[in-house]
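The sequence shown stops at residue 179 when you use my numbering, and every number in between is there. Read the structure below first, then the notes.
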Amino acid sequence: MATETYSITTKRALYKRRNLWSGILFGLGLVAFIDEAVFHQILHWHHFYDKSTTSIGLISDGLFHAFSWFATIGGLFLFADLKRKGALLLKRWWGGLLLGAGIFQLYDGIIQHKLMGIHQIRYVDNVFIYDLIWNVFAAIMIIIGILLLKHNQGKPNVSGTNHHEL
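Right, dumping it as structure tokens:
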């Protein structure tokens, strides 16, 4: 009996982590995709790597786009598996999505824009307001994501699951 209880507890912990990581991957990929599509392609504000030629910038955008789709698709595969197993915790998943999106955006805004200087959000005289909005929005997503995760008390359904399904 103790083994069965431990097994269910272990499965629940695993499913909670999978919900979190599915959301994080999807959120990271979604925000990276929006960044690349809107700011790189539609508005032409910058490329992923702006310290070289336009051709290199376009290649870097393509690699960045591929990365965003791998993360998005990975998150969706985990989401589908959780849904199939009846272990989807939507509130936890949304918390992970906002956390992943916010962390990516804050990393981009601080590390890539300022510390590495590989590109700016926009090349204008007063970029401060753009940076401020970018990073504040990232922080808001992180805070909401953490609050959703902190207040999530749901337990994934583990009835009928076998060890080989994990």
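Built from N, CA and C at the ideal position, the CB exists for glycine as well.
- With respect to the 9 Å criterion, residue 139 and residue 122 are not classified as neighbours on the basis of their beta carbons.
- According to the DSSP assignment, residue 63 belongs to no alpha helix (DSSP H), since it is labelled neither H nor E.
- In the structure shown, residue 135 adopts coil according to DSSP, grouped into three states.
- Counting only residues of its own chain and dropping the five nearest sequence neighbours on each side, residue 81 has a CB closer than 7 Å to the CB of 42, 45, 46, 49.
- Spatial neighbours of residue 31 in its own chain (CB-CB distance under 8 Å, excluding positions within 5 residues in sequence) are listed in chain order as 91, 94, 95, 100.
- Taken through DSSP and simplified to helix, strand or coil, residue 51 comes out as helix.
- Using a Cβ-Cβ distance cut-off of 8 Å, the segment 153-169 and the segment 124-141 are not in contact, since fewer than three pairs of beta carbons, one from each stretch, lie closer than that value.
- Approximately 3 Å separates the beta-carbon atoms of residue 115 and residue 154; this is inside 8 Å, confirming the contact.
- Here residue 104 is not near residue 33, since their CB atoms are 9 Å or more apart.
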